[in-house]
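Report on the structure given below.
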Amino acid sequence: MSTAVSAEALREARRQGRAIVGFSIYDLEQGIGVVRAAEAERAPVLIQAGSSAFGFAGREALAGLALGLAREADAAVGVHLDHATEVEEVERCLALGYSSVMFDGSGLPLEQNAELSRRVVASAHAVGAWVEAELAGYAGDEDVSSEVAGGVLTDPSLAAEFVATTGVDALAVAIGNVHGVPSTPVTLDLELLAEIATAVPVPLVLHGASGLPDDALQAAIALGVAKLNVNAELRRAARGAIGAIGTGLPAGDGFAALLEPLILATEATAREKLRVYTAGLELEGEAVSR
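Numbering (the working numbering) for the sequence shown: 262 to 551.
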């Protein structure tokens, strides 16, 4: 049976210069692929069944399948709420059993963001869950790859004050990263990241890791990023698998044969990420990746 990925696991990843990957999912097949990857690589993962995906699958349905997969996994699998903008949704997901949540108050005035983040921290910590928050928002659409440039960057001094006053366990940073995979590569501001990491004592989170070069991500991890979010590359893998099915349908009407390629494509992509960014991470004295 699985154990959830704790805040201490995130802190340990930062100490060891590794990262835990959060994979965003939209359906059961993607969830199965992520869990298979975690089991095969003996790596901790976060299944991100988040707010945007609820519009497609429904909150109760998607949360239920993610939590069920996590409970049955032979690996450390946490279930994370990504980009929640309403405190009520956070509290509902905590009641369902989420092990971590992200409150995204980046579109609010700073004082209101801090006030609501404190409220989320109190609710989450009361049930043993941890909280990710953010100051500056990210350009782009997390559900659709698009042509977009980086937006507002995280201010190190404001980040330090925000973390100190809210008690959040992790902070998502904006250092040139964007949601999606634009055709023109973005450049991470690693000097800014170093300033943020010096000012902020909690693990840092990098959204929009899909499509970024490994060396840039490795440098970001070395500077304090302990959680990477991957969404677009899983979507592209799934789309590729679905397209391949269309050109060579299996004989008969067996439905599982149509779904397995999607699972395998998700698993393969997730395993690639885990091998690069999580390999060698040890939690509770046991190596969690080959």
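Every residue, glycine too, gets a C-beta built ideally from N, C-alpha and C.
Only a predicted model underlies this, so the values are computations on that prediction, with no experimental measurement involved.
Terminal residues of the continuous beta strand (DSSP E) containing residue i?
i: residue 449; result: Per DSSP, residue 449 belongs to no beta strand (DSSP E) and is neither H nor E.
i: residue 542; result: Taken as a continuous stretch (DSSP letters only), residue 542 belongs to no beta strand (DSSP E), as it is neither H nor E.
i: residue 465; result: 465-467
i: residue 361; result: 361-364
i: residue 369; result: Where residue 369 is concerned, there is no enclosing beta strand (DSSP E), given that its DSSP letter is neither H nor E.
i: residue 282; result: 281-285
i: residue 433; result: 431-433
i: residue 307; result: 306-309
i: residue 392; result: 391-395
In or out: residue i buried (at least 16 other Cβ within 10 Å) or exposed?
i: residue 418; result: exposed
i: residue 343; result: buried
i: residue 395; result: buried
i: residue 539; result: buried
i: residue 279; result: buried
i: residue 462; result: exposed
i: residue 430; result: buried
i: residue 317; result: exposed
i: residue 516; result: exposed
i: residue 447; result: buried
i: residue 290; result: buried
i: residue 522; result: buried
i: residue 305; result: buried
i: residue 387; result: exposed
i: residue 365; result: buried
i: residue 541; result: exposed
i: residue 413; result: exposed
i: residue 485; result: buried
i: residue 415; result: buried
i: residue 319; result: exposed
Could you spell out the range, first to last residue, of the alpha helix (DSSP H) harbouring residue i?
i: residue 491; result: Taken as a continuous stretch (DSSP letters only), residue 491 belongs to no alpha helix (DSSP H), being part of the beta strand (DSSP E) at 486-491.
i: residue 295; result: 289-302
i: residue 317; result: 312-318
i: residue 418; result: 417-427
i: residue 482; result: 475-483
i: residue 268; result: 268-277
To the nearest angstrom, how far is the alpha carbon of residue i from that of residue j?
i: residue 449; j: residue 359; result: 31 Å
i: residue 457; j: residue 312; result: 27 Å
i: residue 314; j: residue 373; result: 25 Å
i: residue 391; j: residue 384; result: 10 Å
i: residue 427; j: residue 504; result: 46 Å
i: residue 493; j: residue 307; result: 16 Å
i: residue 544; j: residue 303; result: 11 Å
i: residue 532; j: residue 351; result: 29 Å
i: residue 530; j: residue 327; result: 18 Å
i: residue 501; j: residue 526; result: 8 Å
i: residue 282; j: residue 363; result: 14 Å
i: residue 519; j: residue 297; result: 18 Å
i: residue 423; j: residue 288; result: 34 Å
i: residue 275; j: residue 321; result: 32 Å
i: residue 334; j: residue 286; result: 16 Å
i: residue 301; j: residue 536; result: 10 Å
i: residue 465; j: residue 506; result: 39 Å
i: residue 272; j: residue 514; result: 48 Å
i: residue 528; j: residue 393; result: 26 Å
i: residue 488; j: residue 355; result: 20 Å
With distances taken Cα to Cα, identify the nearest neighbour of residue i among the options.
i: residue 437; options: 370, 423 and 468; result: 468
i: residue 382; options: 425, 299 and 502; result: 425
i: residue 269; options: 514, 530 and 337; result: 337
i: residue 497; options: 282, 305, 479 and 471; result: 471
i: residue 345; options: 330, 368 and 335; result: 368
i: residue 323; options: 480, 349 and 357; result: 357
i: residue 265; options: 284, 542 and 340; result: 340
i: residue 375; options: 389, 354 and 397; result: 397
i: residue 389; options: 414, 380 and 361; result: 361
i: residue 453; options: 476, 474, 473 and 420; result: 420
State yes or no: is the beta carbon of residue i nearer than 7 Å to at least one beta carbon in chain B?
i: residue 395; result: Note that chain B does not occur in the displayed structure, where there is just one protein chain.
- [ ] Report the residue ranges of all beta strand (DSSP E) runs contained in full by the region 326-356; include only those spanning at least 3 residues, in chain order.
- [x] Those beta strand (DSSP E) runs which fall completely within the region 326-356 and span 3+ residues are 338-345.
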